[in-house]
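When we follow our numbering, the leftmost residue of the sequence shown carries the number 7, and every step to the right adds one. By construction, the Cβ of each residue, glycine as well, lies at the ideal position given by its N, Cα and C atoms.
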Amino acid sequence: MGALLSAVHPVTTDHRRTQKTRLRRLAMGGQRGKTDPSHHTPYHLSKETVEALRLPAFDAWQWEPNEMLSCLEHMYHDLGLRWLVSCVSMTNYRNNPFHNFRHCFCVTQMMYSMIWLCSLQEKFTQVDILILMTAAVCHDLDHPGFNNTYQINARTELAVRYNDISPLENHHCAVAFQIFSQPDCNIFSNFDPEAFKQIRQGTITLILATDMARHGEILDSFKQKVDNFDYTDEEHITCLKMVLIKCCDISNEVRPMEVAEPWVDCLLEEYFMQVRVYS
Ligand SMILES: [Zn+2]
C-alpha cells in the first residue's frame, strides 16, 4: 500500500493547477475515476483526450494521478503493448517537487507522441517500442530528489552501492526489475528467455543513458552515425533509442509555455531543497 500511495499521491505542485485548466480538462470530456488512489478505476478517455495524447502539446497539469495511469494504459494498448495496472501500482515515485510521477508521465507521453509523429513503428520492432516506453515509465523510479553529485559527495548508500557510477540511474533500473520480478507485475512473461534478456538489456541501456554526465559521449556517438544512419545496424538503433529517451527526459521546454513554465519552479524547488540539506 505504501508503494502504491507514493506512486499516485498528488504531487506538491498540484496547487499550480488553476481552476481554468481544471475547467478546460472537464470540457475535454470523460468520466472521472474514483479519487481514492489506492483503487485505480479506469478513466474513460474522451476522443479529444485520446487525440491530444499523441501530441507534444498535451497538458499533463490537468490530470490527477489515477487519470494519468489510465492515459498510460491507453498509450500501451494503442501501441499494441501489454500493460498491467498492478505493475504501475507497484511503482515507487516519490513526492518530489520535480522527479515525481507526473514527470514520469510527461516523459512517457512525449515518447509516445514521438513514436507517432516520426512513425517509429515502421522503423523499429515491437520489442524496441516496448523498450522505449518501459524505459520512459521507469527511468526515474524511486528518485530521492538529490542528484548524483550530491550522492557521490555525501557518500550516500546509493553511491557506495554503485561505486559512484551513475548511482541514481543504476538504482532506477534495479527498482524497475525488482517490480517486474513480482509474478503479478511481470509484463514480459509472454516473452521467451532470449527476448526477455534483450528487453532487460535494452531497458537498462536506455535508463543509464539518462545520466547527464554521459551527455557528451552519447551525443558524439550519435553525430558519428547520423549522416549514414542504418536502421539495420543494431548499434545505430541503440544509439537512436538513447537519444530519444534523452530528448524526452528534457522535453518540457518544447511544450507550450503554460505547460513548460511550472516545471522550472519545480526544478528550482528541488534544487534548493538539496542545497539546504547539503550546506
Ligand atoms: Zn527524468
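Output the distance between the C-alpha atoms of residue i and residue j, rounded to the nearest integer angstrom.
i      : j      : result
PHE152 : HIS178 : 13 Å
ARG220 : THR155 : 13 Å
VAL202 : SER285 : Val is not the amino acid found at residue 202; the sequence shown has Phe there. Spanning the two alpha carbons is a distance of roughly 44 Å.
MET248 : ALA215 : 6 Å
ASN176 : MET74  : 26 Å
PHE235 : TYR99  : 36 Å
ILE205 : HIS50  : 30 Å
MET81  : TYR118 : 7 Å
LEU174 : LEU164 : 7 Å
PRO199 : GLN207 : 12 Å
ILE256 : GLY222 : 15 Å
SER125 : PHE197 : 24 Å
Could you pull out every residue in the same chain whose Cβ sits closer than 7 Å to the Cβ of residue i, ignoring the five residues on either side in sequence?
i      : result
ASN102 : HIS149, GLY151, GLU276
SER227 : CYS245
ALA142 : VAL113, THR114, MET117, ILE251, CYS254
Tell me whether residue i is buried or exposed, calling it buried when 16 or more other Cβ atoms sit within 10 Å of its Cβ.
i      : result
ARG108 : buried
ARG282 : exposed
PHE186 : buried
PRO189 : exposed
PRO71  : buried
ARG261 : buried
LEU274 : exposed
VAL232 : exposed
ASP271 : exposed
SER76  : buried
SER195 : exposed
SER172 : buried
GLN157 : buried
Between the Cα of residue i and those of the options, spot the shortest distance and give me the residue it belongs to.
i      : options                       : result
GLN184 : ALA58, ILE210, ALA165, ASP198 : ILE210
GLU240 : LEU61, ARG88, LYS129          : LYS129
LEU136 : SER125, ASN234, LYS53, TRP89  : TRP89
MET263 : HIS50, PRO62, ILE193, THR131  : PRO62
GLU267 : ARG167, ALA160, SER195, TRP67 : TRP67
CYS144 : LEU273, ASP217, VAL181        : VAL181
MET279 : ALA165, HIS83, THR238, HIS105 : HIS105
MET218 : ASP146, LEU164, HIS83, CYS77  : ASP146
LEU293 : LEU164, ARG60, ASN159, VAL56  : Because the chain spans 7 through 285 in this model, residue 293 falls outside it and cannot be assessed.
LEU250 : SER52, ILE158, SER195, VAL113 : VAL113
TYR237 : THR131, GLU54, PHE197         : THR131
VAL265 : LEU126, PHE197, ILE193, TRP69 : TRP69
Relative to ligand 2, is the shortest distance from any of its heavy atoms to the C-beta of residue i smaller than 6 Å?
i      : result
ASP148 : Ligand 2 is not part of this structure, which contains only ligand 1.
Can you tell me the Cβ-Cβ gap for residue i and residue j, rounded? I've got them flagged as a contact below 8 Å.
i      : j      : result
MET139 : LEU85  : 7 Å
ILE243 : ASP134 : 7 Å
ILE224 : LYS252 : 7 Å
LEU87  : PHE111 : The Cβ separation is near 16 Å, so there is no contact.
Please return the same chain residues whose Cβ sits closer than 6 Å to the Cβ of residue i, not counting the five positions on each side in sequence.
i      : result
GLN115 : PHE64
TRP269 : ASN258
ALA58  : PHE64
TYR168 : ASN176
ASN192 : PHE186
Give me, in chain order, the residues of the same chain whose beta-carbon lies closer than 8 Å to that of residue i; leave out the 5 immediate sequence neighbours on both sides.
i      : result
HIS83  : TRP89
GLN127 : LEU85, ILE121, ILE135
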